[in-house]
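> A single structure is presented below for examination.
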Amino acid sequence: MPIEHPQLSVEQVMAALAALGAAPVADPDLRPTGPTQDDAPELLGALLAAVELEAAARLHFGAAQPAGLAALTRGWRQQLGGGRVTGEVLLHRLQRTAADWEDTTGGPDKPAIAQAATAALLAAQILLATANFAEQPETFARALDEAEGGIAAALTALYETRLLARGQE
């Protein structure tokens, strides 16, 4: 079920990127009139990256409780308002995190610990999304099977990592 929210125009997204010093420059041969609505997903991705980089720089993620995290979380929750929309946004974020993690940790030869993390992220996303299918028994059961498979894959990769760490195979 789509989230009901007014869509930002490309101009608004470009203005936000410009304000953050992260506005991309459109190729005048490809986009003689500038970005179009078709470019919105990529521009929103650039905006997300700019904001996440800013947050990461300010939160000091070396500490047990990063300084500023409570305020950042409070602002995030106030903007979303809670409920189903918050759950949908979290599912999308987890899905992006899994895809981004997969892209940054390499291909099939990546370390077993990275495989475990990828499988766990995907299993978590599926498991959280499963709540949306509670009224659809067949889809619900299939989603649970997928989540269980992901958790099993994560545990297997974690076990392999532990064996390698101990110098066994």
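Under numbering that gives the first Met the number 0, read the sequence shown as residues 0 to 168, first letter to last. The beta carbon of each residue, even a glycine, is placed where N, CA and C say it ideally should be.
1. Going along the chain, which residues of its own chain have a beta-carbon closer than 6 Å to the beta-carbon of residue 67, five neighbours each way excluded?
2. Shortest alpha-carbon distance to residue 54 belongs to which of 71, 64, 41 and 44?
3. Taking residue 117 and residue 101 to be in contact with their CB atoms under 8 Å, please state how far apart those CB atoms are, rounded to whole angstroms.
4. Please state whether the Cβ-Cβ distance between residue 129 and residue 142 is less than 7 Å.
5. Considering only residues of the same chain and omitting the five flanking positions on each side of residue 15, which have a CB-CB separation below 7 Å?
6. Would you mind stating whether residue 123 and residue 153 have Cβ atoms separated by less than 7 Å?
7. Does DSSP put residue 127 in a helix, a strand or coil?
8. Can you tell me whether DSSP reads residue 6 as helix, strand or coil?
9. Which of helix, strand or coil does DSSP assign to residue 134?
10. Return the chain-ordered ranges of every alpha helix (DSSP H) run that is complete within the stretch 47-112 and spans a minimum of 4 residues.
11. Taking the alpha-carbon of residue 52 as reference, which of 158, 8, 21 and 140 has the nearest alpha-carbon?
12. Should residue 121 and residue 97 be called a contact, given that it needs their Cβ atoms to be closer than 7 Å?
13. Are the beta-carbon atoms of residue 9 and residue 48 separated by less than 7 Å?
Taking the structure as given:
1. Within the sequence shown, the letter at position 68 stands for residue 67. Excluding sequence neighbours, residue 67 sits near 57 and 58.
2. In the sequence shown, the residue the question calls residue 54 occupies position 55. Out of 71, 64, 41 and 44, 71 has the C-alpha closest to the C-alpha of residue 54.
3. Start at 1 with the first residue of the sequence shown, and residue 117 comes out as number 118. Start at 1 with the first residue of the sequence shown, and residue 101 comes out as number 102. Contact flag correct, Cβ pair sits at about 5 Å.
4. Position 130 of the sequence shown holds residue 129. Position 143 of the sequence shown holds residue 142. Yes.
5. To locate residue 15, count along the sequence shown from 1; it is residue 16. If we look at residue 15 and ignore the five residues flanking it on each side, its Cβ neighbours are 46.
6. Numbered from 1 along the sequence shown, position 124 holds the residue referred to as residue 123. Numbered from 1 along the sequence shown, position 154 holds the residue referred to as residue 153. Taking 7 Å as the Cβ cut-off, residue 123 and residue 153 do not qualify as a contacting pair.
7. Residue 127 sits at position 128 when you count from the first residue of the sequence shown. Residue 127 falls in the helix class under three-state DSSP.
8. Walking along the sequence shown from the start, residue 6 turns up at place 7. Reduced to three states, the DSSP call for residue 6 is coil.
9. What you label residue 134 is simply residue 135 of the sequence shown in a count that begins at 1. Residue 134: coil per DSSP, three-state reduction.
10. 68-79 and 82-103
11. Counting from one through the sequence shown, the residue named residue 52 turns up at place 53. Nearest C-alpha to residue 52: 21.
12. Along the sequence shown, one-based indexing puts residue 121 at 122. Along the sequence shown, one-based indexing puts residue 97 at 98. A contact, by the Cβ cut-off of 7 Å.
13. As a first step, residue 9 must be located in the sequence shown, where it is residue number 10. As a first step, residue 48 must be located in the sequence shown, where it is residue number 49. Against a cut-off of 7 Å, the Cβ pair of residue 48 and residue 9 comes out as no contact.
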